[in-house]
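Heads up, the thing below is written out as structure tokens.
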Amino acid sequence: NEDLSTLIKHDIEHRWRNKLEAPIYSDDNKKSKFYVLSMFPYPSGQLHMGHVRVYTISDTMARFYRMNGKNVIHPMGWDAFGLPAENAAIERGIEPSAWTKQNIKHMKEQLQKLGCSFEWDRELTTCDQKYYCWTQFIFLRMYEEGLVYRKEALVNWDPVDQTVLADEQVDANGCSWRSGAKVEKKLLNQWFIRTTRFSKSLLDGLDDPILKNWKDIINLQRHWIGECNGTRFEFELEDNSSKFTKQTLAVFTCNPEHIHYASFIAVAPGSILDRVEFDCDSIIENNSVFKRLPLQAKNPFTGKDLPIYVTDQVEYDEGSDCHLGVPKISEIDRLFATAANIPILSPKENDGLLKSVEDVSVTREHINTVAQQLGIGGYSCSSKLRDWLISRQRYWGTPIPIVYCKHCNGPQPVPYSELPVILPDIDRLSNKGKSLLEATEWLSTKCPKCGGDATRETDTMDTFVDSSWYFLRYLDPYNKEMPFSKEVANRFMPVDLYIGGKEHAVLHLYYARFLNHFLHSVGLVPSQEPFQQLLIQGMVMGQSYRVKGTGRYLPKENVDLSGPKPVEKVTGQAVVTAWEKMSKSKHNGVDPETMLKEYGTDTTRLLILADVAPTSHRHWNSSTFPGILKWQHRLWLTMRSFLNIRSNLENVVSDTVSDTPEFKEHEAKMFDSRNYYLKGVTFNYTTSFQLSVAISKMQGLTNSLRQVPPEVIGHSLQFERALACLIIVLAPMAPHFASELWSGFVSAPNRINTSTKEINWDRGVLEQTWPEIDLNYCLQLVCMVS
């Protein structure tokens with residue numbers, strides 16, 4: 001049919017969809033592995049155009065590397081725990097598990113309609129106990145290594161979502177990343193992971209030559225981690241009551257080698273210790289210059305008690321609200337010590353681990369080593385980086401595998417043999433959600449240490465814990481003994497190409513890198529860095545319309561665009577237009593289902609890839625569609641013309657035609673065009689990831705083919721080679737359409753290129769080897785003689 005209608009496109013896609021299932025990674029395959037990973041989605045129930053973009057890019061790259069002889073791993077799963085699912089379930093009056101399962105079912109169907117070649121046998125869901133069992137396992141491993149601790153902390157409290165937020169989840173305006181509510185400060189006992197222990201490792205890892213195309217992401221990570229120019233130590237607090245028993249205060253210093261000179265500790269006004277309610281008679285104040293708190297911090301190296309003052313009269317390091325006062329090396333500290341009548345210590349007054357500078361070689365390395373041996377810090381870090389707060393006071397998350405017993409000292413880890421600690425079913429969530437405190441039967445358990453009555457931990461883990469290691473479980477999804485085997489990790493890690501949004505460049509990448517560094521430190525993974533190449537894609541932006549006076553968003557159909565400036569149809573008020581991230585509230589979203597229905601799968605894929613680089617924001621505008629639609633039609637007509645000409649050819653070999661200068665000129669042009677455009681396409685697939693430029697190169701080769709006259713097409717070897725090349729390089733982006741074109745190409749009679757070296761005539765287009773540039777190209781050498 002000369003017309004390439006949407007009906008024909010749907011027919012093509014229906015015919016080829018089941019035939020294009022992804023080949024499963026074979027252990028017997030001797031090809032080298034290539035792990036293509038796209039960031040897995042939260043199962044909201046509906047794909048949006050951002051999903052279409054990232055998963056089209058991911059599928060295109062996976063298909064490309066398969067055709068280049070790689071044994072590709074291309075899995076998919078679901079980041080299913082967290083507040084969005086819990087809040088959606090509350091609104092609908094159903095269980096989060098039921099809501100999540102039905103969403104996953106629908107979104108999986110949508111991804112399959114999009115033609116994505118995911119290995120569904122590796123599929124995982126973070127809310128499945130078969131997965132979070134191993135999240136709990138990794139938590140316990142970190143607990144064993146001293147990386148997990150619980151302490152009272154001044155935390156960020158979201159009053160809308162009724163849960164704690166990590167510092168990273170509060171924006172510059174002090175609002176929640178999810179609900180948008182103004183964040184409050186609250187004092188709660190919380191679970192932390194000592195990510196700061198790996199600060200230096202994570203910072204140095206950014207110089208690892210394994211990292212490719214990280215570009216500005218490296219700078220974002222460097223800025224987040226900060227300069228590792230100091231050390232943080234844990235000082236044990238002491239007071240006359242039992243309020244601070246076994247509580248510690250983390251103190252940062254750039255000069256750990258001078259810790260034996262420390263005379264006092266200062267904390268900033270508004271910090272956690274400043275908010276603690278003490279007996280007023282026990283607080284010593286000095287005209288608001290400082291107030292001395294009725295507790296001390298024991299210097300772990302000297303045994304001396306250091307007084308603690310609330311003051312703004314000292315210099316605090318960036319991001320720090322605690323300062324170690326060392327008058328011997330700081331003039332500001334000396335002035336404060338004088339004003340507060342604090343004795344300025346000299347080394348010979350000290351006893352304990354460091355009796356004097358004469359007795360011990362007091363160096364930074366020595367101090368840090370001792371601190372590490374004592375388990376009180378001693379690891380290089382920056383002043384602004386904090387440990388990872390993972391406690392969440394909501395129901396829908398991974399249970400923390402800890403119990404509390406009245407008879408045993410401190411929290412007790414659940415034995416590995418009793419994992420998973422299964423999230424209990426709660427019939428119906430209230431308007432404010434529920435925590436595990438309401439699962440009364442589940443709460444009661446036995447202490448693994450003494451066998452007595454105990455109570456389970458009711459906080460759940462931050463969902464970033466679930467997503468910080470999922471790429472490892474994909475590799476060994478059916479392992480019942482471990483999260484993954486060391487052998488599998490050694491074979492398949494690191495991820496060769498990781499694809500996702502720039503919005504995850506700090507939080508998710510930081511946590512995933514940390515966890516991989518930890519697993520490397522205990523010998524479970526081969527490399528510190530989990531991701532080799534990054535392909536960071538921009539957002540899909542829709543045009544929004546907002547009333548100038550009120551900021552109210554309008555649907556496009558409510559805006560009059562006929563005049564020089566847009567106005568609201570009903571009121572005539574001025575309307576401001578902008579390109580913004582698509583969302584329902586802004587009325588600027590596009591439903592992928594509508595796109596697939598109106599244009600077909602492969603056209604939608606080409607539209608999302610065309611015009612702009614993957615790293616740039618994509619302004620979704622239907623005015624750009626005709627270019628792709630016309631190109632597809634030209635490809636269709638080119639194949640139709642080729643089939644007609646070859647079917648009606650009387651003589652395959654015609655010396656009369658092939659010996660003419662015109663024929664030879666077209667042959668040479670086709671030879672050149674194939675080489676030129678193939679080089680550009682391949683470069684933009686492999687090196688720059690500029691898939692929109694690769695499409696432009698394909699369009700250029702199409703134009704060259706369209707310029708060849710019918711009498712040459714009938715006998716041209718180079719036309720045949722160039723057409724085959726074009727269909728093959730199109731296949732990763734438009735697999736159904738390319739498969740249909742290929743079926744026509746290989747069915748054409750009067751074949752000229754009978755070689756099986758370049759083309760496997762018995763196989764589909766996605767099973768072809770990626771074309772190579774002709775190296776026997778004759779270049780003209782121009783010599784200038786003066």
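Residues 1 to 786 (UniProt numbering) are what the sequence shown spells out, left to right.
Glycine included, every Cβ here is placed at the ideal spot set by N, Cα and C.
- Sequence-distant Cβ neighbours of Ala738 in its own chain, meaning closer than 7 Å and more than five residues away, are Ile727, Leu730, Ala731, Val765.
- Collapsing the DSSP output to three states places Gln372 in a helix.
- Cβ-Cβ distances below 7 Å link Trp396 to Phe81, Gly82, Ala85, Glu86, Pro96 in the same chain, with the five nearest sequence neighbours on each side left out; the list follows chain order.
- Judged by DSSP in its simplified three-state form, Ile426 adopts coil rather than helix or strand.
- Beyond the five residues adjoining it in sequence on each side, Asp476 comes within less than 7 Å, by CB distance, of Phe484, Ser485, Val488 in the same chain, given in chain order.
- Boundaries of the alpha helix (DSSP H) around Met670: 661 to 686.
- The straight-line gap separating the alpha-carbon atoms of Trp770 and Asn703 is approximately 21 Å.
- A direct Cα-to-Cα measurement between His633 and Val506 gives close to 43 Å.
- A direct Cα-to-Cα measurement between Trp120 and Val712 gives close to 46 Å.
- Within the segment 136 to 221, the complete alpha helix (DSSP H) segments at least 4 residues long are 199 to 205, listed from N- to C-terminus.
- When the Cα atoms are used, Cys381 and Ile367 turn out to be separated by approximately 15 Å.
- Around the beta carbon of Arg53, 16 or more other beta carbons sit within 10 angstroms, so the residue counts as buried.
- Contact between the segment 325 to 337 and the segment 262 to 279 is present: three or more C-beta pairs spanning the two stretches fall below 8 Å.
- Within the UniProt domain "Aminoacyl-tRNA synthetase class Ia" (560 to 609), the runs of alpha helix (DSSP H) that reach at least 4 residues and sit entirely inside it are, in chain order, 592 to 599, 601 to 609.
- By the beta-carbon neighbour count (other beta carbons within 10 angstroms, threshold 16), Met784 is exposed.
- Leaving aside the five residues that flank Asn229 on each side, the residues in its chain whose CB is nearer than 6 Å to its CB run, in chain order, Cys254.
- Assignment of Gly226 by DSSP, reduced to helix, strand and coil, places it in the coil class.
- Every alpha helix (DSSP H) stretch that sits fully inside the segment 78 to 123 and reaches 4 residues is listed by chain position as 83 to 92, 96 to 113.
- Annotation: Asp453 is outside any alpha helix (DSSP H); the continuous beta strand (DSSP E) that includes it extends over 453 to 456.
- Linking His666 to Glu720 through their CA atoms gives a straight-line distance of about 12 Å.
- With contacts defined by Cβ atoms closer than 8 Å, Asp312 and Thr196 do not form a contacting pair.
- Under the Cβ criterion (8 Å, minimum of three pairs), the segment 105 to 116 counts as touching the segment 594 to 601.
- As the crow flies, the alpha-carbon of Tyr416 is around 28 Å from that of Leu165.
- Between Gly69 and Lys33 the beta-carbon gap is near 11 Å, outside 8 Å, which marks them as no contact.
- Rounded to whole angstroms, the gap between the alpha carbons of Phe139 and Ala724 is 53 Å.
- When only Cα atoms are considered, Trp742 and Ser391 end up about 55 Å apart.
- Apart from sequence neighbours up to five positions away, the residues of its chain that approach Pro159 with a beta-carbon distance below 7 Å are Ala181, Glu184, ordered along the chain.
- Proximity of the segment 494 to 510 to the segment 533 to 551 meets the contact definition, three or more beta-carbon pairs being nearer than 8 Å.
- Each residue's CA atom was taken as its position, placing Arg141 and Pro530 some 19 Å apart.
- Judged by pairs of C-beta atoms under 8 Å, the segment 538 to 545 touches the segment 574 to 589, as three or more such pairs exist.
- A direct Cα-to-Cα measurement between Lys679 and Asp672 gives close to 11 Å.
- Of the candidates Tyr511, Ser786, Glu438, Glu438 places its Cα closest to the Cα of Ile426.
- Inside the segment 688 to 753, DSSP marks no whole beta strand (DSSP E) run of 3 or more residues.
- Nearest to Arg640 by alpha-carbon distance, out of Thr624, Arg706, Asn684, is Arg706.
- The alpha carbon of Ser176 has as its nearest neighbour, out of Asp204, Thr686, Thr163, the alpha carbon of Thr163.
- Following the DSSP letters along the chain, one finds Gly542 inside the beta strand (DSSP E) bounded by residues 540 to 547.
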